[in-house]
Structures are given as structure tokens and as C-alpha cells.
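Asker: Once you've had a glance at the structure underneath, I'll fire off some questions.
In my numbering, the protein residues as written are 818 to 1123.
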């Protein structure tokens, strides 16, 4: 496969995954800002900006941080790379460039999403219905891809982009949410905090299945870092990345494969008490650096013209 085609497929799926992640963060931060759990609404609303690294960019354009301002910035900003609108636009551009390598149903899904998004932009819906719509379009895209695309290199690069983006986002969200908590003893606030984090990563039911009614920092961290039951956990993402890299034909990518295997082994044989003892923040920051390194090796091996 030509490196340009592989790059377009890889970034097509990354942008669609990024849009869904932004919608999840928006929805949960808005809900948490409304909770009477002791934290200021501005702290909760700032979380998506910290996760996406857009705090400075937001304040360059806005004088205050409120629900409407955050919604406009992360949903409808036409140029900022973290906005949902920008992600869908770039995804459509990538899909148009590789129309010959994806199915007609896949192209129609992306194109219809873009058309509907521009229609909604003239009179934006409320935040919650919009976030639900973004997640539904993302689910439709993945279902269409799994149901219609041949299991060749195009399929592999699409999935690789999805899970690299998902691993990066999950780790960023964990890093922010794990350490937003104060030292105050507030069981109600903690319950809201950990429930919101699980909801943001679509893992609330998985946590209930794994731990029953027991909900605390350790159980949430164990599920979202070391266990594969939750599809957005770090281990689940690394298992998929390793599997996909092993299916891409050719001798390239040895460095990416080696780094990914070592990182997966850390997650497979790690224990949550050991991670907490050495520092979860330090682990997550190092995880992000390693994921970025894997992405750089993938770009060098597969996505850049030689």
C-alpha cells in the first residue's frame, strides 16, 4: 500500500475517534459541573481543555469559561484541531482521498455525517443531544467498517489509527481526572467523580461487572489501566495495537512492534498497588510518551514516503 494512502486511512480513523472522545468529555464535564459535590463548575468544565491541551487557546478567544463557551469551542470551532467540527471535516477530507480503498457504505456514512453536521451548525442543538449524535455517528462508522470492508491493509490501518488515538485519549483523561481530586473526605463527591470518569470511557457497566458495588480510586484505575474488559482501557487498546501491527504485511515497523510489545507486557504483568506505590501520575505520563513514540515509529515506517 502507498504510504500516502495508509496515512489517509490512519488519520481518517484517528479524527473520527477524536471527535467521539471530545463528545464524551463534553457530556461528562457538563454533567459533573451540575453536581452539588463540592467542586466548582469551572474546574469541571476546564477538564476537557486540559485533556486536549487547549487551555491557552480557549482563553485567547473567550473571557469566561461556561457551558456555552466550552460547547462552542470544542464542538463548533472551525479551525482548532481539537474541535468536533474540525475533526469531522478532516475525516471527510481523508475519506474523499481514499474513496477507492473504502467501501461505498463507509464513504456515504462519513459524507452524510458531514452534511448533517453543517446543517446543524446553522442552528446548533443542545449539548447533550449533540454529543449523543456524535457518538451514534461514530458507532455507525465503526459498524459499517467492520461489516463491509475486506480484512486487508486498509482495514488494519483504519483500526490502528482508532486504537492509537483511543489509548492516547484514555491516558490523558485518566491523568486529568485521577488527580483532579482534593484531599477532602467527601464520599458523595468521590462517587460522582469516579462514576463520571467511567462514563466518559464507556466503562461503567464493565466496572459493575468486575467489582460489583465497590467503587473507589483503586478499582477504577485497575479497570481502566490494567484490565481488558473495558474496550477503552489502556490494556485493551495495547492488545489491539499489538494484534494489528502483527497483521500488517512487510518487514517495516519492527521498532513500533517492539515498543508496543514491551508496553503491553507492563500492563499484563503489572499490579495496581505497585503502580500506586510508584505513582500513577508518573506511570500515565510515561505511558503517553511511549504511545507518542509508537505513533512516531508508525509514521516513519508506514506513512512517510521513502
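No residue lacks a Cβ here, since even glycine has one placed at the ideal position from N, Cα and C.
DSSP three-state label for residue 1012, please.
Answerer: As a working note, residue 1012 is residue 195 in the chain shown. DSSP places residue 1012 in helix when its eight states are reduced to three.
Asker: Are the beta-carbon atoms of residue 820 and residue 975 separated by less than 8 Å?
Answerer: Residue numbering aside, residue 820 sits at position 3 when the chain shown is read from its first letter. Residue numbering aside, residue 975 sits at position 158 when the chain shown is read from its first letter. No.
Asker: Helix, strand or coil for residue 993, going by three-state DSSP, please let me know.
Answerer: Position 176 of the chain shown holds residue 993. In this structure, residue 993 counts as helix in the three-state DSSP scheme.
Asker: Just reading off the alpha helix (DSSP H) that residue 1039 is part of, what are its end residues?
Answerer: Working through the chain shown from its first residue, we reach residue 1039 at position 222. First-last for residue 1039: undefined, no H or E at that position.
Asker: Below 7 Å CB to CB, which residues in the same chain sit around residue 838 once its five sequence neighbours on both sides are set aside?
Answerer: In the chain shown, residue 838 corresponds to position 21, counting from 1. Hits under 7 Å: 986.
Asker: Nearest to residue 836 by alpha carbon, out of 860, 823, 869?
Answerer: Within the chain shown, the letter at position 19 stands for residue 836. The candidate whose alpha carbon is nearest that of residue 836 is 869.
Asker: Give a yes or no on whether the C-beta atoms belonging to residue 1040 and residue 1104 are separated by under 8 Å.
Answerer: Residue mapping note: residue 1040 aligns to position 223 of the chain shown, counting from 1. Residue mapping note: residue 1104 aligns to position 287 of the chain shown, counting from 1. Against a cut-off of 8 Å, the Cβ pair of residue 1104 and residue 1040 comes out as no contact.
Asker: Taking DSSP as the reference, what is the three-state secondary structure of residue 1031?
Answerer: For the purposes of this step, residue 1031 is taken as residue 214 along the chain shown, with counting starting at 1. Reduced to three states, the DSSP call for residue 1031 is coil.
Asker: Kindly indicate which three-state DSSP category residue 1069 falls into: helix, strand or coil?
Answerer: Reading the chain shown from its first residue, position 252 is the one you call residue 1069. Of the three classes helix, strand and coil, the one that applies to residue 1069 here is coil, per DSSP.
Asker: What do you get for residue 911, buried or exposed, if any count of 16 or more other CB atoms within 10 angstroms of its CB means buried?
Answerer: In the chain shown, the residue the question calls residue 911 occupies position 94. Buried, since its Cβ has 16 or more Cβ neighbours within 10 Å.
Asker: What is the rounded straight-line gap between the Cα of residue 1023 and the Cα of residue 921?
Answerer: If you number the chain shown from 1, residue 1023 lands on position 206. If you number the chain shown from 1, residue 921 lands on position 104. Their backbone Cα atoms lie some 34 Å apart in a straight line.
Asker: Give me, in chain order, the residues of the same chain whose beta-carbon lies closer than 7 Å to that of residue 983; leave out the 5 immediate sequence neighbours on both sides.
Answerer: Indexing the chain shown from 1 puts residue 983 at position 166. Same-chain partners within the cutoff: 834, 1049, 1054.
Asker: So, at 6 Å on beta carbons, what are the nonlocal neighbours of residue 992 in its own chain, with the 5 sequence-adjacent residues on each side left out?
Answerer: Translated into positions along the chain shown, residue 992 becomes position 175. So the list reads 1101, once near-sequence residues are dropped.
Asker: Evaluate the contact criterion for the region 1070 to 1079 versus the region 1026 to 1045: three or more CB pairs, one atom per stretch, below 8 Å.
Answerer: These segments do not touch.
Asker: Of the residues 990, 953, 1004, which one's Cα is nearest the Cα of residue 1098?
Answerer: As a working mapping, residue 1098 is identified with position 281 in the chain shown. Of 990, 953, 1004, the residue nearest in Cα terms is 990.
Asker: Assess contact between the region 1079 to 1093 and the region 953 to 965, defined as three or more Cβ pairs (one per stretch) separated by less than 8 Å. Is contact present?
Answerer: Contact between the region 1079 to 1093 and the region 953 to 965 is absent, because fewer than three Cβ pairs lie under 8 Å.
Asker: I want to see whether chain D comes within less than 8 Å of residue 838, judged by CB atoms only; does it?
Answerer: The chain labelled as chain D is not found in the depicted structure, where only one protein chain is given.
Asker: Would you identify the three-state DSSP class for residue 1059, choosing helix, strand or coil?
Answerer: Position 242 of the chain shown, counted from the start, is the residue given in the question as residue 1059. In this structure, residue 1059 counts as helix in the three-state DSSP scheme.
Asker: Spatial neighbours of residue 903 within its chain, please: C-beta separation below 8 Å, excluding the five flanking residues on both sides.
Answerer: Numbered from 1 along the chain shown, position 86 holds the residue referred to as residue 903. Correct list, in chain order: 894, 895, 896, 897.
Asker: By a C-beta neighbour count over all protein chains shown, 10 Å radius and 16 as the cutoff for buried, is residue 978 buried or exposed?
Answerer: Here residue 978 refers to the residue found at position 161 of the chain shown. It is buried - the Cβ of residue 978 has at least 16 other Cβ atoms within 10 Å.
Asker: Here's the rule I'm using: 16 or more other beta-carbon atoms within 10 Å means buried, otherwise exposed. How should residue 951 be labelled?
Answerer: Reading the chain shown from its first residue, position 134 is the one you call residue 951. Buried.
Asker: Give a yes or no on whether the C-beta atoms belonging to residue 862 and residue 905 are separated by under 8 Å.
Answerer: Residue numbering aside, residue 862 sits at position 45 when the chain shown is read from its first letter. Residue numbering aside, residue 905 sits at position 88 when the chain shown is read from its first letter. Contact flag unset, no.
Asker: Give the secondary structure of residue 1089 by DSSP, where H, G and I count as helix, E and B as strand, and everything else as coil.
Answerer: Here residue 1089 is taken as the residue at index 272 of the chain shown, counted from 1. Of the three classes helix, strand and coil, the one that applies to residue 1089 here is helix, per DSSP.
Asker: For residue 865, is the classification buried or exposed, using 16 other Cβ atoms within 10 angstroms of its Cβ as the cut-off for buried?
Answerer: Position 48 of the chain shown, counted from the first residue, corresponds to residue 865. Buried.
Asker: Can you list, in chain order, the residues of its chain with a C-beta nearer than 7 Å to that of residue 1080? Leave out the 5 residues immediately preceding and following it.
Answerer: Taking the first residue of the chain shown as 1, we reach residue 1080 at position 263. Hits under 7 Å: 1055, 1107.
Asker: What residues in its chain sit with their C-beta under 7 Å from that of residue 930, if we drop five residues either side in the sequence?
Answerer: What you label residue 930 is simply residue 113 of the chain shown in a count that begins at 1. The residues are 905, 954.
Asker: Considering just the uninterrupted stretch of the alpha helix (DSSP H) at residue 849, what are its terminal residues?
Answerer: By 1-based counting over the chain shown, the position of residue 849 is 32. Segment 820 to 850, the alpha helix (DSSP H) holding residue 849.
Asker: Helix, strand or coil, according to DSSP, for residue 1045 in the structure here?
Answerer: Translated into positions along the chain shown, residue 1045 becomes position 228. Here residue 1045 sits in coil by DSSP.
Asker: Alpha carbons only, please: which of 899, 847, 1058, 874 is nearest the one belonging to residue 885?
Answerer: One-based indexing of the chain shown puts residue 885 at position 68. Comparing Cα-Cα distances from residue 885 to each of 899, 847, 1058, 874, the minimum goes to 847.
Asker: Roughly how many angstroms lie between the CA atoms of residue 925 and residue 918, to the nearest whole one?
Answerer: As a working note, residue 925 is residue 108 in the chain shown. As a working note, residue 918 is residue 101 in the chain shown. Residue 925 and residue 918: Cα-Cα distance of roughly 13 Å.
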